[in-house]
Amino acid sequence: MIIAMVIAAAFLIIHYVQTGDFIDKDVELKGGKLITIEVDNVSSISKIESLVPDANIRFVSGLQSSILIEVSNDADHDAIIKKLAENGITGPTSVRSIEPALSDVFWKQAQLGIIVAFILMSITIFIIFRSVAPSSAVIFAAATDIIITAALMNVFGIPLSLASLAALLTLIGYSVDTDVLLTTNVLKEGSEIKHRISSAMKTGLTMTACALAVLIVMILFSGSIVLQQIGYVLFIGLLVDVPATWLTNAGLLRFKLESDRKKEMSKR
189 MIIAMVIAAA
199 FLIIHYVQTG
209 DFIDKDVELK
219 GGKLITIEVD
229 NVSSISKIES
239 LVPDANIRFV
249 SGLQSSILIE
259 VSNDADHDAI
269 IKKLAENGIT
279 GPTSVRSIEP
289 ALSDVFWKQA
299 QLGIIVAFIL
309 MSITIFIIFR
319 SVAPSSAVIF
329 AAATDIIITA
339 ALMNVFGIPL
349 SLASLAALLT
359 LIGYSVDTDV
369 LLTTNVLKEG
379 SEIKHRISSA
389 MKTGLTMTAC
399 ALAVLIVMIL
409 FSGSIVLQQI
419 GYVLFIGLLV
429 DVPATWLTNA
439 GLLRFKLESD
449 RKKEMSKR
């Protein structure tokens with residue numbers, strides 16, 4: 189996972205050099221207009237791409253399928269809707285416009301929220317364990333989860349919006365939750381270290397499996413772009429969290445405890 193995190197971090201840096209952003213931002217965080225058209229099937233996406241070549245087009249499936257057309261604030265949304273209607277692409281339509289100044293405020297608050305959340309999480313972890321090694325392992329695992337998830341958001345074309353940002357903040361909490369579960373069990377005295385890790389893993393993987401099942405249902409049937417963005421980000425993050433917690437963090441903790449035990453035995 190360390191190698192995966194390095195690759196993901198490099199990918200984010202390259203993306204920043206090329207675009208000016210570590211993650212592609214949604215209309216809410218960069219400004220623009222979002223035209224939403226409820227449709228019956230996805231066959232009209234190719235038509236829209238040819239009719240509105242400068243637009244960013246996405247499709248949302250579920251109980252109600254919708255096509256999302258993202259254009260700049262300068263674009264004439266009435267003309268776009270009329271042009272689509274002339275080509276047989278019709279349906280209940282809504283337009284949302286966000287000015288760049290407002291989106292810039294949202295983006296600054298979002299960055300501050302992530303930084304503050306991570307700092308407070310780190311302080312809380314150090315207070316709980318009062319030891320550098322296990323606390324650092326928990327923080328490293330959480331950082332790994334967020335960095336790899338952010339890189340995969342770019343890969344799968346999931347923009348950073350207020351919804352996906354909320355999912356990332358939730359992911360920090362969930363990642364720390366499983367890491368605390370692991371660390372608390374491993375630091376307990378009693379059985380062998382591998383048995384303690386195994387016991388924590390059974391509980392943690394059960395929690396993750398239940399959460400993934402719920403997210404699959406939400407992604408497939410919600411029909412809401414907000415819920416789907418949250419679902420996609422959390423789904424990716426939970427999958428990344430499994431090896432980050434149960435391979436990387438568990439391995440670091442086991443190595444630390446076994447090293448401490450050997451030092452104690454050598455002193456005797």
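Residues 189 to 456 in the working numbering are what the sequence shown lists, from first letter to last.
Every residue, glycine too, gets a C-beta built ideally from N, C-alpha and C.
Listed in chain order, the alpha helix (DSSP H) runs fully inside the region 231 to 296 are 233 to 239, 265 to 274, counting runs of at least 4 residues. In the DSSP assignment, residue 224 falls outside any alpha helix (DSSP H) and within the unbroken beta strand (DSSP E) covering 220 to 227. Linking residue 238 to residue 295 through their CA atoms gives a straight-line distance of about 31 Å. Taken through DSSP and simplified to helix, strand or coil, residue 376 comes out as coil. Under the criterion of beta carbons closer than 8 Å, residue 330 and residue 364 qualify as touching, at roughly 5 Å. Here residue 366 is buried, its C-beta having at least 16 other C-beta atoms within 10 Å. CA-CA distance, residue 189 to residue 349, rounds to 27 Å. Burial is judged here by how many other beta carbons sit within 10 angstroms of a residue's own beta carbon; residue 219 has at least 16 and is buried. Close CB contacts of residue 428 within its chain, under the 8 Å cut and outside five residues either way in sequence, are with 332, 333, 336, 337, 340 (chain order). Remark: C-beta atoms of residue 356 and residue 311 do not approach each other more closely than 8 Å. In the structure shown, the three-state DSSP call for residue 323 is helix. The residues 215, 220, 222, 243, 244, in chain order, have a CB closer than 7 Å to that of residue 258 in the same chain once the five nearest residues on each side in sequence are set aside. Taken atom to atom, the span from the alpha-carbon of residue 278 to that of residue 254 is near 11 Å.
Annotated as distal: residue 359 and residue 283, with beta-carbon spacing of 8 Å or more.
In the DSSP annotation of this structure, residue 189 is not part of any alpha helix (DSSP H), being labelled neither H nor E.
When secondary structure is reduced to three states using DSSP, residue 410 falls in the strand class.
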